[in-house]
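*Asks:*
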Amino acid sequence: MGEDWLPNLRQVVRAGRIEWKQHALERLVIRGIRMDSVEKAILEGEMVEFYPEAHPVPACLLLHVAGHEPLHVVVAFDDNSAVCHVITAYRPSLDKFESDWKTRK
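Quick note, the sequence shown lines up with residues 298 to 402 if you use my numbering.
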């Protein structure tokens, strides 16, 4: 189901329908991550995990690697609302992920 969901999510993001959760904005500042990097990760990244039971709407973990810099972005999306909710973004570490940045240890 998650892969079917991703094209709709990306269409909404291209249309500028993004809601940045306060938590995400705070973390971006603390972690030195740019909003445009997050948007690029949503548009070009690979879905690593899909959370269909997330509440109140399904969510996923996306991975985007620019150069050698991996970025994980967690977003929530409901086709009915046509809004992408950015939950958080972070640079994964090797103490929690394998070197493919997809597999949890």
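All residues carry an ideal CB built from backbone N, CA and C; glycine is no exception. Note that this is a predicted model, so its numbers are computed, not measured.
Going by C-alpha to C-alpha distance, which of D397, R388, V362 and D392 sits closest to R324?
*Replies:* If you number the sequence shown from 1, residue 324 lands on position 27. Answer by Cα proximity: R388.
*Asks:* If we ignore side chains and look at the alpha-carbon of each, how far apart do C381 and R307 end up?
*Replies:* Within the sequence shown, the letter at position 84 stands for residue 381. Within the sequence shown, the letter at position 10 stands for residue 307. For C381 and R307, the distance between alpha carbons rounds to 8 Å.
*Asks:* Assign H361 to one of two classes, buried (16 or more other C-beta atoms within 10 Å of its C-beta) or exposed (fewer than that).
*Replies:* Taking the first residue of the sequence shown as 1, we reach residue 361 at position 64. Flag for H361 reads buried.
*Asks:* For a test of the three-state rule: what should DSSP assign to D375, helix, strand or coil?
*Replies:* Walking along the sequence shown from the start, residue 375 turns up at place 78. DSSP, read as helix, strand or coil, puts D375 in strand.
*Asks:* Distance, Cα to Cα, R331 vs N377?
*Replies:* Working through the sequence shown from its first residue, we reach residue 331 at position 34. Working through the sequence shown from its first residue, we reach residue 377 at position 80. Using only the alpha carbons, I get a separation of about 28 Å.
*Asks:* Of all the options I384, W398 and G313, which has the alpha carbon lying nearest to the alpha carbon of Y348?
*Replies:* What you label residue 348 is simply residue 51 of the sequence shown in a count that begins at 1. For Y348, the nearest C-alpha among the options comes from I384.
*Asks:* Identify which residue in E336, R311 and K393 has its Cα closest to the Cα of A321.
*Replies:* Here residue 321 is taken as the residue at index 24 of the sequence shown, counted from 1. It is E336.
*Asks:* Counting only C-beta atoms, is A386 closer than 9 Å to chain C at any point?
*Replies:* Absent from the structure is chain C; it holds one protein chain and no more.
*Asks:* Should A312 go down as buried or exposed, given a rule of 16 or more other Cβ atoms within 10 Å for buried?
*Replies:* Stepping through the sequence shown from its first residue, residue 312 is reached at position 15. The residue is exposed, with fewer than 16 neighbouring Cβ atoms inside 10 Å.
*Asks:* Just to confirm, is the Cβ distance from P353 to W398 under 9 Å?
*Replies:* Here residue 353 refers to the residue found at position 56 when the sequence shown is read from its first residue. Here residue 398 refers to the residue found at position 101 when the sequence shown is read from its first residue. No, the Cβ-Cβ distance between P353 and W398 is not below 9 Å.
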